[in-house]
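Numbering (my numbering), first residue to last: 1 to 303.
In this text, a Cβ means the ideal position worked out from N, Cα and C, and glycines have one as well.
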């Protein structure tokens with residue numbers, strides 16, 4: 001693959017100027033890692049994001065361009081790549097190679113580094129295998145036998161139950177960090193101070209949006225007082241922090257209406273709105289209809 005610097009010049013602003021979405025692995029109380037067998041429209045996989053987890057992804061149908069840290073490269077069906085924790089990345093699929101339903105497909109497993117450490121502490125067989133390993137700081141692309149082996153593990157997980165996947169995961173951990181057929185796929189971008197501060201804000205909101213957030217608390221996270229934070233945030237984003245927080249909560253509420261059967265009142269509380277009439281009013285103002293009608297319109301479209 002031809003390695004290129006991340007998007008600059010005529011291709012758009014530098015990667016550190018793009019909005020980056022932070023997120024956490026779902027349901028960590030009940031799962032030690034996260035496995036996905038995805039089939040989705042290509043347009044849904046174009047958002048820069050990062051998370052505190054290793055991401056191993058195998059493209060099973062699709063082509064496009066992968067951004068990992070400071071590097072953008074072409075990818076195709078069969079691609080296997082490892083993204084380290086907290087690296088900014090995205091998979092931008094092209095509509096050129098979809099299935100008959102217009103979907104692209106990939107297999108992905110994400111896991112915290114603490115899982116690796118815990119498994120090494122419990123299982124001496126894995127500890128012996130990884131004892132001399134230096135865990136990579138940069139993104140990796142796998143080829144040859146290494147890619148085939150990792151692809152086989154991910155494909156096997158499709159039809160396995162949770163315990164079977166756990167045993168396959170142990171085999172995967174032993175091989176992903178010791179694979180020899182690998183090459184650099186991207187280095188970590190060192191973000192300038194304003195971008196780091198904004199990422200701190202995004203992460204804080206992501207973790208606390210369901211509860212009351214005081215300006216003083218989020219300002220303290222960025223090392224500023226309330227007044228300085230408000231001025232800085234408005235200058236950087238062109239909106240107040242309150243407007244951004246409401247926007248984030250409404251987007252989350254909309255996702256819950258689309259993807260769950262939870263009651264509107266439960267969604268109201270789960271997204272940080274303490275007053276149901278206020279939630280209904282603000283939701284309607286932003287999306288053109290109240291929450292219950294919005295959910296009904298989605299069901300009618302699917303029918």
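For the region 255-288, the continuous alpha helix (DSSP H) assignments of 4+ residues that do not extend past its boundaries occur at 264-270 and 276-287, in sequence order. For the pair residue 218 and residue 202, the CB atoms are not nearer than the 8 Å cut-off.
With at least 16 other beta carbons inside 10 angstroms of its own, residue 291 counts as buried. As summarised for the region 134-195, the continuous beta strand (DSSP E) elements at least 3 residues long and confined to that stretch are 139-142 and 182-186, given in chain order. Between residue 301 and residue 42, the alpha-carbon positions lie close to 21 Å from each other.
In the pairwise beta carbon analysis, the region 87-106 is classified as touching the region 60-69: at least three pairs are separated by under 8 Å.
According to the DSSP assignment, residue 229 belongs to the alpha helix (DSSP H) that extends over 226-237.
A Cβ-Cβ separation of about 5 Å places residue 35 in contact with residue 109 under the 8 Å criterion. Take residue 33, set aside five residues on each side of it, and the residues of its chain with a beta-carbon closer than 7 Å to its own are 109, 110, 111, 115 and 169, in chain order. Linking residue 118 to residue 164 through their CA atoms gives a straight-line distance of about 18 Å. Rounded to whole angstroms, residue 139 and residue 211 show a C-alpha spacing of 35 Å.
Rounded to the nearest whole angstrom, the C-alpha separation of residue 150 and residue 48 is 25 Å. Here residue 111 carries a strand assignment [DSSP, helix/strand/coil]. If the five residues before and after residue 295 are omitted, its C-beta is found closer than 7 Å to the C-beta atoms of 257, all from its own chain and listed in chain order. Between residue 181 and residue 144, the alpha-carbon positions lie close to 6 Å from each other. Annotated as proximal: residue 209 and residue 248, with beta-carbon spacing under 8 Å. Residue 219: member of the alpha helix (DSSP H) spanning 215-221, first to last residue. The residue from 74, 56 and 86 with its alpha-carbon nearest to that of residue 199 is 86. The DSSP-derived three-state label of residue 119 is helix. Within the same chain, and ignoring the five residues on either side of residue 154 in sequence, the residues whose Cβ sits closer than 6 Å to its Cβ are 58 and 107. If you look at residue 126, you'll find it in the alpha helix (DSSP H) that goes 124-130.
Taking the Cβ atoms as the reference, residue 56 lies roughly 5 Å from residue 82, within the contact range of under 8 Å. If you check the CB distance, residue 250 and residue 286 come in under 8 Å.
Around the beta carbon of residue 157, a 10 Å sphere encloses 16 or more other beta carbons of the protein chains shown; the residue is thus reported as buried. Counting only runs of 3+ residues, the beta strand (DSSP E) found wholly inside the region 53-87 occupies 54-61, 63-68, 71-75 and 80-83, in chain order. Following the DSSP letters along the chain, one finds residue 39 inside the beta strand (DSSP E) bounded by residues 34-40.
The three-state reading of DSSP puts residue 209 in coil, since its state is none of H, G, I, E or B. Non-local beta-carbon contacts of residue 77 in its own chain, meaning distances under 8 Å to residues more than five positions away in sequence, involve 59, 60, 61, 62, 63 and 97 in chain order.
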